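J.: One line per chain: the protein sequences are P and S, in this order.
Going by our numbering, the residue at position 78 of the first sequence is 1407; the numbering climbs one at a time, nothing skipped.
Going by our numbering, the residue at position 45 of the second sequence is 1374; the numbering climbs one at a time, nothing skipped.
For each residue, glycine too, the CB sits at the ideal point set by N, CA and C.
Just so you know, these numbers come straight off a predicted model, no measurement behind them.
Protein chains: 2
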Amino acid sequence: MDQTFITILGFVAAFFTTFALLPQGLRAIKTKHTKDLSLPMIIMMEVGIILWLVYGIIIADMPLIFANGIGTIFATINLIMKLRYG
Amino acid sequence: MDQTFITILGFVAAFFTTFALLPQGLRAIKTKHTKDLSLPMIIMMEVGIILWLVYGIIIADMPLIFANGIGTIFATINLIMKLRYG
C-alpha cells in the first residue's frame, strides 16, 4: 500500500483521538456539570497521555510529542472541571 | 536508555489510554445517565480508535491491533449508552 496514504491515515487517527477530549472539556466549561463523567476515566486518560508524551520524548518522535502534548492540555482541562464540579 | 524499559513504558501508556473508556462505559451502564457526556467526544474517539485499528492492520503492528481492537469495543459501549440515554 502507498506509504503516503498510510502516514496520512496515522495522522488522521491521531487527530481524532487527540482532539476528542476538546469538545468534552468545552461542554464541561459551558454546562458547569460533570456528574456523568467518570473520574477514573479522566485520570487514566491523563496518566496514559502523559506516559505517551514521555515515551515520545524518549524515542524523539515528533508526532507522538505533538499529539500528546496537546492531549495533555485537553485532559488536564477535563480533570480540573471534574474536580471542580464533581 | 534501556530498550526494555522503553517498550514497557509504551505498553503501560497504551494500557491506560485503551482502558480509560471502560470505567466511563460501566458508569453509564450503572447510572443510565449520560447527559454530561459530549457526543462529539465519543464519536471522535470511536472514529479515531477504528482508524488506529485499520492503521495497525495495514502496518501489521500487533500492539496497535490489540489495543485498538479492545478500545473499539469500549468506545462502542459508550456510544450505545449515549445514544440510548441522551
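#1: Whose C-alpha, out of S:Y1384, S:A1357, S:A1396, is nearest the C-alpha of M1330 (chain P)?
#2: Out of curiosity, what's the CA-to-CA distance linking I1335 (chain P) and F1395 (chain P)?
#3: Return helix, strand or coil for G1415 (chain P), following the three-state DSSP convention.
#4: Would K1361 (chain S) pass as an interface residue toward chain P - the criterion being a Cβ-Cβ separation below 8 Å?
#5: Grouping DSSP H, G and I as helix and E and B as strand, with all else coil, what is K1361 (chain S)?
#6: For T1363 (chain P) versus M1410 (chain P), is the C-beta distance shorter than 8 Å?
#7: Buried or exposed for A1389 (chain P), going by 16 or more other Cβ atoms inside 10 Å?
#8: Which bits of chain S does Q1353 (chain P) rub up against, with CB to CB less than 7 Å?
#9: Show which residues of chain S have a CB atom less than 8 Å away from the CB atom of L1350 (chain P).
#10: Looking at chain P, which residues of the region 1385 to 1405 of chain S have a Cβ within less than 8 Å of any of its Cβ atoms?
#11: Is there a Cβ from chain S that is less than 8 Å from the Cβ of I1335 (chain P)?
T.: Based on what the coordinates show:
#1: Sequence index remark: in the first sequence, residue 1330 (chain P) carries index 1 (1-based). Nearest option by C-alpha distance: S:Y1384.
#2: Mapped onto the first sequence, residue 1335 (chain P) falls at position 6. Mapped onto the first sequence, residue 1395 (chain P) falls at position 66. C-alpha separation (whole angstroms): 19 Å.
#3: Taking the first sequence and counting its residues from 1, the one referred to as residue 1415 (chain P) is at position 86. Three-state result, G1415 (chain P): coil.
#4: As a first step, residue 1361 (chain S) must be located in the second sequence, where it is residue number 32. At a cut-off of 8 Å between C-beta atoms, K1361 (chain S) does not count as an interface residue with respect to chain P.
#5: Position 32 of the second sequence, counting from 1, holds the residue named residue 1361 (chain S). K1361 (chain S): coil per DSSP, three-state reduction.
#6: Mapped onto the first sequence, residue 1363 (chain P) falls at position 34. Mapped onto the first sequence, residue 1410 (chain P) falls at position 81. Yes, the Cβ-Cβ distance between T1363 (chain P) and M1410 (chain P) is below 8 Å.
#7: Along the first sequence, read from residue 1 onward, the residue named residue 1389 (chain P) stands at position 60. Result: exposed.
#8: Translated into positions along the first sequence, residue 1353 (chain P) becomes position 24. S1367, M1370, listed in chain order.
#9: Within the first sequence, the letter at position 21 stands for residue 1350 (chain P). By Cβ distance, chain S contributes M1370.
#10: I1387, I1388: these are the residues of the region 1385 to 1405 of chain S whose beta carbon lies less than 8 Å from some beta carbon of chain P, given in chain order.
#11: As a working mapping, residue 1335 (chain P) is identified with position 6 in the first sequence. Chain S contact via Cβ: present.
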